[in-house]
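Note sheet for the following structure.
Numbering (the numbering used here), first residue to last: 1081 to 1527.
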């Protein structure tokens, strides 16, 4: 691996090197989790507008049946993960402790839970508008964690086109290995999905970016690529946050996305490997987004796994399938350790954006004692967006939000590199995240 690292230097400036902690699950084949008794489907599972329920209490639903329609353009449909009955509709506890509107479904214990077979959709015969509509109705979002509606990315303003399709296989978050396993176990589907999207978008070529700690996935993908396909695999340095869109574009194309612009303004479209496979599964099998691949890991998990989990499954049931939590567990995160969030209730459901479930003991969750900033500059050196996190944290504490906006706080993607690198134990990214929330809600305070 050292020799490979010397050969391939494609990366981005700054960033950090947290412990990878992928060894517990990177070698574990994908398993399918058994069905459970009940599922809770929140109406708001994507960035943007919540979906609108189209079912009623007591109604029987089939696995894969649409139960909520998009609430607007930046919204996606929702589908039942099981055959059963709508048990209730109303507020249910969410991952962060808030209550949100959801559809609760009781599974039919006598149903086979097989998805009704459907003929493949002739995507080539569809207009681009119809193709985008199909992706929206399939409920597909970015499966790297952000849950941005996939169809919105595919929608181009008049006169704009995509020349380069960039597939994100970096999976730079520590512990998470579901994308790694997907590339190893379903390379044919991934490549078909890439070619489907490339041809539909009219892109010249496609590139799969994969970090060097997944050398086996790089080899498998290359073995499945034929010379007549304009698709290449590019090995990347292992560095966080390599999987962020702008960092990936810098590493692959040595181009920077200016502030205020999007990758599409550079004629580039970025999609996660899981998103591409979900699109392929919909057009080939007729399967909407009713389940996702999740890494369950961490020192507090008895039996780590890479699981296919039906959406809406209570977190408690997923952990139970993995042998339950160890007695010394103190915290469970949804997502990765750098950008994930603590789970307020184990009864909260798994969502479209739930890439991981990580359980940690007191040793890993102990908060460092906070000291005053020593102006060491480590957070500045770590920030891949060339911001000054320590200054933003000081302004956040003073609630000087106009000044924060002047220092480009909204460019921050909350990757957590600053907090990771801070020797004073200052929760920099948490301060910035809270301030950004206030700014979005109009709570502006000048000096």
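Where a beta carbon is used, it is the ideal one built from N, C-alpha and C, also for glycine.
>> Once the 5 residues before and after residue 1096 are set aside, which same chain residues still bring their CB inside 7 Å of it?
In response: 1320, 1462, 1497, 1500 and 1501
>> Tell me the DSSP secondary structure of residue 1088 in three-state form.
In response: Low confidence applies to residue 1088: its pLDDT is 49, below 50, so where it sits in the model is not reliable enough to give any reading.
> Can you name the residues that DSSP bridges to residue 1172?
Replying inline: 1180
> Which value, in whole angstroms, describes the spacing of the CA atoms of residue 1405 and residue 1382?
Replying inline: 6 Å
> For the candidate residues 1105, 1313, 1251 and 1354, whose alpha-carbon lies nearest to that of residue 1302?
Replying inline: 1313
> CB-CB under 8 Å to residue 1519, same chain, minus the five flanking residues each way: which ones, in chain order?
Replying inline: 1481, 1484, 1485, 1489 and 1490
> If residue 1322 and residue 1291 are in contact, beta carbons under 8 Å, what's the gap, nearest whole angstrom?
Replying inline: 6 Å
> Alpha carbon to alpha carbon, what distance is there between residue 1363 and residue 1207?
Replying inline: 14 Å
> Among 1266, 1126, 1306 and 1277, which one has its Cα closest to the Cα of residue 1297?
Replying inline: 1266
> Counting only runs that start and end within the region 1378-1416, where is the beta strand (DSSP E) found for 3 or more residues in a row?
Replying inline: 1385-1390 and 1409-1414
> Under a three-way DSSP split, which group does residue 1118 fall into?
Replying inline: strand
> For residue 1436, which residues from the same chain have a beta carbon less than 8 Å from its beta carbon, with the 5 sequence-adjacent residues on both sides left out?
Replying inline: 1253, 1255, 1256, 1258, 1374, 1375, 1376, 1377, 1413, 1414, 1415, 1416 and 1420
>> Give me the residue from 1356, 1432 and 1504 with the minimum Cα distance to residue 1273.
In response: 1356
> Which of helix, strand or coil does DSSP assign to residue 1337?
Replying inline: coil
> Which residues mark the beginning and the end of the alpha helix (DSSP H) in which residue 1471 is found?
Replying inline: 1469-1477
> What are the partner residues of residue 1132, as DSSP defines its beta bridges?
Replying inline: 1149
> If you draw a straight line from the C-alpha of residue 1236 to the C-alpha of residue 1449, how long is it?
Replying inline: 48 Å
>> DSSP three-state label for residue 1520, please.
In response: helix
>> Tell me the DSSP secondary structure of residue 1466 in three-state form.
In response: coil
>> Between 1184, 1308 and 1465, which has its C-alpha nearest residue 1328's C-alpha?
In response: 1465
> What distance in whole Å lies between the Cβ atoms of residue 1184 and residue 1173, which are believed to be in contact at a cut-off of 8 Å?
Replying inline: Contact doesn't hold; Cβ gap of about 12 Å is too wide.
>> Can you look up residue 1302 in the DSSP assignment and give me helix, strand or coil?
In response: helix
> Can you list, in chain order, the stretches of the beta strand (DSSP E) that have 3 or more residues and sit fully within the region 1212-1263?
Replying inline: 1244-1249
> Between which two residues does the alpha helix (DSSP H) carrying residue 1353 extend?
Replying inline: 1353-1365
> Can you give the Cα-Cα distance for residue 1213 and residue 1452, rounded to whole angstroms?
Replying inline: 52 Å
> By how many angstroms is the C-alpha of residue 1460 removed from the C-alpha of residue 1221?
Replying inline: 32 Å
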